[in-house]
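Below is one structure, written out as C-alpha cells; the observations come after it.
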Ligand SMILES: NC(=O)c1ccc[n+]([C@@H]2O[C@H](COP(=O)([O-])OP(=O)(O)OC[C@H]3O[C@@H](n4cnc5c(N)ncnc54)[C@H](O)[C@@H]3O)[C@@H](O)[C@H]2O)c1
C-alpha cells in the first residue's frame, strides 16, 4: 500500500488559522506538502523551521470580490502553476435560527462563506487539475449535511448544499483524474462557537436542537454547554486520507467523523 506522503504536492487549505483547517495545514506540511493557507484571521502559530519554506499564509476574506482569484494567483506565484489539492475548511456557525426567524443578513453570511466560497474555489482550481489530469478536493461538510436537527436553517442548508456540490464535482470530473470527497465531522473542539453572530441567536431554535447534540456530546460541568470530544487532529486524519493516493478509488463520499452520531 502506498505511504501517506504528499511530497512535492501543492495544497490550498482555507480556514488555516484555527481548528480543523489549522490542524490539516500542519499535518500536510509534516507529510511533505507545500501549503497555501488562507484565512480572514491572522496566522499566529509557529511552523517548524524546516517546514517554513513550504508554507505561505494568504490573509483574505474569501467572500469579498476578487479574493479567490487573488488567492489562486498567490498560490501559483509561490508554488508554480500546478494545484494538486484543495481543502475547503473555512466556515462559520449560525445562530440556530429557523425558517420563521432567519434574517437576510444571517442567511447571506452563512451561505456565502460555507457554500458559495467552496464552490467558487473549486471552480478556480479545476482548470489546473483538469490540465494535469490529477487533483483531490476535500470539502468540510458536517453532520448537518444530512440531518435537519443539528443547526439552524442557514448552516443546515449550506452544508446540505456543499454535500451536493461534492457529489456533483466527483461525478463530473471522475474520468479526469480528479476526486472530490467530504468529511462530515460531529462536534469538534474548535473556535467555531465564536463565529456565531449572537445578535441573530434564536433561543427557540437552539432549544429544539440541543437535545440532539446531547446524544453526541457531553455537557461542560461548569457552563452546561455542549462539550465536544472530537479533536481537530481526528478530522485532519480523515482529510489527509481522502486527499491521499491511499484513497485513489474513493470519490464522492461523505465520510462521517462523529463517533457514530450519524447512525441515528
Ligand atoms: N467544530 C465543529 O464542531 C464542526 C463540525 C462540523 C463541521 N465543521 C466545519 O469545519 C470547518 C472548520 O471549522 P472549525 O470548527 O475548525 O472552526 P474555526 O472557527 O476554528 O475555524 C474556521 C476558520 O475559518 C475562517 N474563516 C471564517 N470566515 C472566513 C472568510 N470569510 N474568509 C476566510 N476565512 C474565514 C476563520 O477565521 C477560522 O480561522 C467549517 O466549515 C465548519 O463548518 C465544524
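In my numbering, the protein residues as written are 52 to 315. Positions of the beta carbon are idealized from the N, C-alpha and C atoms, including for glycine.
Asked	Found
Pick from 148, 83 and 192 that is closest to residue 261, judged by C-alpha positions	148
Of the listed residues 188, 161 and 162, nearest to residue 174 (C-alpha basis)	188
Closest residue to residue 238 among 272, 195 and 296 (Cα-Cα distance)	195
Residue 236 beta carbon less than 9 Å from that of residue 65	no
Rounded C-alpha distance that separates residue 182 from residue 158	36 Å
Rounded separation between residue 297 and residue 87 - CA only	23 Å
C-beta atoms of residue 172 and residue 119 nearer than 9 Å	yes
Distance CB(residue 152)-CB(residue 258) smaller than 9 Å	no
Supposed contact pair residue 293 and residue 234 - C-beta distance, whole angstroms, cut 8 Å	7 Å
Heavy atom of ligand 1 within 8 Å of residue 113 beta-carbon	yes
Assigned secondary structure, residue 136 (DSSP; H/G/I helix, E/B strand, else coil)	strand
Test item: CB-CB of residue 160 and residue 242 under 9 Å	no
Delimiting residues of the alpha helix (DSSP H) encompassing residue 280	Note, residue 280: premise wrong, no alpha helix (DSSP H); not H, not E.
Cβ neighbour criterion (16 or more within 10 Å) applied to residue 93	exposed
Among 91, 83, 150 and 263, the one whose alpha carbon lies nearest that of residue 102	83
Contacting residues, own chain, Cβ-Cβ under 6 Å from residue 85 (five flanking each side not counted)	61, 105 and 130
Strand pairing of residue 306, partner residues [DSSP]	234
Among 77, 123 and 112, nearest to residue 283 - alpha-carbon criterion	77
Given residue 56 as reference, the closest of 303, 96 and 291 once Cα atoms are compared	291
Identified DSSP bridge partners for residue 62	86 and 136
Residues of its chain near residue 52, where Cβ-Cβ distance is below 7 Å and the 5 sequence neighbours each way are ignored	Since pLDDT at residue 52 reaches only 49, below the 50 mark, its modelled position is unreliable, and no value is offered.
Status (buried if at least 16 other CB within 10 Å, exposed otherwise) for residue 279	buried
Residue 165: CB within 8 Å of a non-hydrogen atom of ligand 1	yes
Nearest-angstrom Cβ-Cβ length linking residue 90 and residue 126, presumed shorter than 8 Å	Their Cβ separation, rounded to whole angstroms, is 14 Å, which puts residue 90 and residue 126 out of contact at 8 Å.
Nearest neighbour of residue 75, chosen from 141, 217, 218 and 312 [CA to CA]	141
3 or more residues per run - each beta strand (DSSP E) lying fully within the stretch 127-171	136-139
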